[in-house]
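To keep things clear, I will list the structure first and then write my remarks on it.
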Amino acid sequence: MRRAVFGGSFDPVHNGHVNLVKQIYEAVPLDEIIIMPAHVSPFKQDSVPASEIQRLEMCRLAFNDIPYVTVSDYEISRPEVSYTVNTIRHLWEIYPGDELFFIMGSDMLMSFEKWYRYEEILSMCTIIAASREDGEKDMDILKKQAAALEKYGRVMVVSTGVYVMSSTEIREKLKNSSDISCYVPENVVKYILDNRLYMEK
Numbered sequence: 002m003r004r005a006v007f008g009g010s011f012d013p014v015h016n017g018h019v020n021l022v023k024q025i026y027e028a029v030p031l032d033e034i035i036i037m038p039a040h041v042s043p044f045k046q047d048s049v050p051a052s053e054i055q056r057l058e059m060c061r062l063a064f065n066d067i068p069y070v071t072v073s074d075y076e077i078s079r080p081e082v083s084y085t086v087n088t089i090r091h092l093w094e095i096y097p098g099d100e101l102f103f104i105m106g107s108d109m110l111m112s113f114e115k116w117y118r119y120e121e122i123l124s125m126c127t128i129i130a131a132s133r134e135d136g137e138k139d140m141d142i143l144k145k146q147a148a149a150l151e152k153y154g155r156v157m158v159v160s161t162g163v164y165v166m167s168s169t170e171i172r173e174k175l176k177n178s179s180d181i182s183c184y185v186p187e188n189v190v191k192y193i194l195d196n197r198l199y200m201e202k
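Numbers given in this note's numbering equal positions in the sequence shown, counted from 1, plus 1.
This is how it looks when you write it as structure tokens:
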């Protein structure tokens, strides 16, 4: 089996996340993509954050109809800091013999050498870096960074569609009671509104 992990705060999950997963699946032969919501710092100042259980449920709603996607509560159910290397070690243990991949955005690839035990991560899985910028210049920079990291393991750079809205901007829109229906899956929008997430209390 070829399994990929896509982690993040998903606070909230939005169409950019969903489309990125679909495009990665089309570009790279994979059997499963695991969505892994991470712990979020309680010191966020820009919004009223969703709880870990709420972010998990939003991910389940967003990816519910995609058969090759599984949503995992592994990181949010653990009390310690969610270092990626620990998650990859866990998957290495429970899926012996499988080929593992880790999906990240291009911005994360550029700072990957600052990650905790990044060399070990690369020794256990292939990095798939999604370029969401428009233009060849970005791809050239990413490919140079990928080449520099390949002494530790394999790095793939995949061009995905540009998405103009971030989770931070969506939270800001909700705080201001603006419409988010074109940025977030319909069932997730309903969940957010029903639970009054990210809105001024």
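For glycine and all other residues, C-beta sits at the position ideal for the given N, C-alpha and C.
query                                                                                                                                                               : result
Mind checking M59: buried by the 16 CB within 10 Å criterion, or exposed?                                                                                           : buried
Thinking C-alpha only, which one of Y26, Q55 and D12 is nearest S160?                                                                                               : Y26
Report buried or exposed for D141, applying the criterion of at least 16 other Cβ atoms within 10 angstroms of its Cβ.                                              : exposed
For the pair the region 5 to 13 and the region 157 to 171, tell me if three or more CB-CB distances fall below 8 angstroms.                                         : yes
Could you spell out where the alpha helix (DSSP H) holding R56 opens and where it closes?                                                                           : E53 to F64
Based on the DSSP output, what are the partners of I89 in its beta bridges?                                                                                         : Beta-bridge pairing links I89 to no other residue.
Going by DSSP, name the residue or residues bridged to R172.                                                                                                        : DSSP lists no partner for R172.
I need the straight-line Cα distance from M37 to E81, nearest angstrom please.                                                                                      : 15 angstroms
Does the region 183 to 202 come close enough to the region 67 to 79 to have 3 or more Cβ pairs within less than 8 angstroms?                                        : no
Looking at the structure shown, is S10 part of a helix, part of a strand, or coil, going by DSSP?                                                                   : coil
Return helix, strand or coil for S182, following the three-state DSSP convention.                                                                                   : coil
Determine which residues share a DSSP beta bridge with I35 and list them.                                                                                           : V6 and T71
So, with DSSP's three-state summary, where would you put M157?                                                                                                      : strand
Going by beta carbon distance, what residues of the same chain come within less than 7 angstroms of N188, once the five residues before and after it are set aside? : L62
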